[in-house]
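Under my numbering, the sequence shown has 10 at position 10, and the numbering climbs by one with no breaks.
Beta carbons: idealized from backbone N, C-alpha and C, even for Gly.
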Amino acid sequence: MDPLANLGHDARMGWAEAMAAARAGLLRLSDREIALVGRTAAAARRAHLERIAVVVSWLGNGTIYLILALALVGFAGDAAWRELGVAALCGAISHIVYPAIKRVAGRPRPFEHRPGLVPPSAPLDVFSFPSGHLMTLSATMTPVLFAWPSLWLVALALWLALAWSRVATAHHYPSDLLGGTLLGVGIALPVTWALR
């Protein structure tokens, strides 16, 4: 189903021009960020950290959320269940919005932008912007941090590890990480406030 089908011709043309400009901007940004991605991926390979980057990225596919939920229940007891429910809702809403943004942005992944970059693992989908891993982490950790602000160092450490792994595997640019983070927090904040 074409989301633009109900728009008039002028509105469709305006939308298409805006998306073409946004895609061109992302491609220019890719040109600026590709050297950083290349250096990060090369450093991980030289320091034998590539396998760690792959494992951290794999944990970010979903396994880490089960581990975090169990740790939170151990930390907070029954009080954790409500916040885990809000976190799951924020993550679910993010995943409803996220695929459409990826398709519209259409940003190729770094390893497609620079032929010499070879990812040590296959990505979950085709496009780079925004990072779904950082989006999910940010969306699910926002309500947790509202309930337990003392966990901010844990959240920051998780964010840094996952962000590094996504660049080290040549799956994302730094701006993808920022976009995913802003998307996750932007969805989670109103949901968290509404359910408090």
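- Here the alpha carbon of Thr169 sits roughly 11 Å from the alpha carbon of Arg109.
- Contact check for Ala139 and Ala188: beta-carbon distance about 4 Å, within the 8 Å limit, so the pair qualifies.
- Scanning the stretch 89 to 132 for uninterrupted alpha helix (DSSP H) segments of 4 residues or longer gives 110 to 113, listed from N- to C-terminal end.
- Counted as a single uninterrupted DSSP element, the stretch harbouring Trp148 is not any alpha helix (DSSP H), since DSSP gives it neither H nor E.
- A straight line joining the alpha-carbon of Pro123 with that of Ala69 spans about 25 Å.
- Two segments are said to touch when three or more pairs of C-beta atoms, one from each, lie closer than 8 Å; by this definition the stretch 155 to 174 touches the stretch 39 to 46.
- Under the three-state reduction of DSSP, Tyr65 is assigned to helix.
- Of the other Cβ atoms in all chains shown, 16 or more fall within 10 Å of the Cβ of Ile64; this residue is therefore buried.
- Three or more beta-carbon pairs drawn from the stretch 101 to 121 and the stretch 49 to 64 are found closer than 8 Å, and the two stretches are therefore classed as touching.
- Between Ser128 and Asp78, the C-beta spacing is not below 8 Å.
- Trp193 is not a Cβ neighbour of Ala76, given a cutoff of 8 Å.
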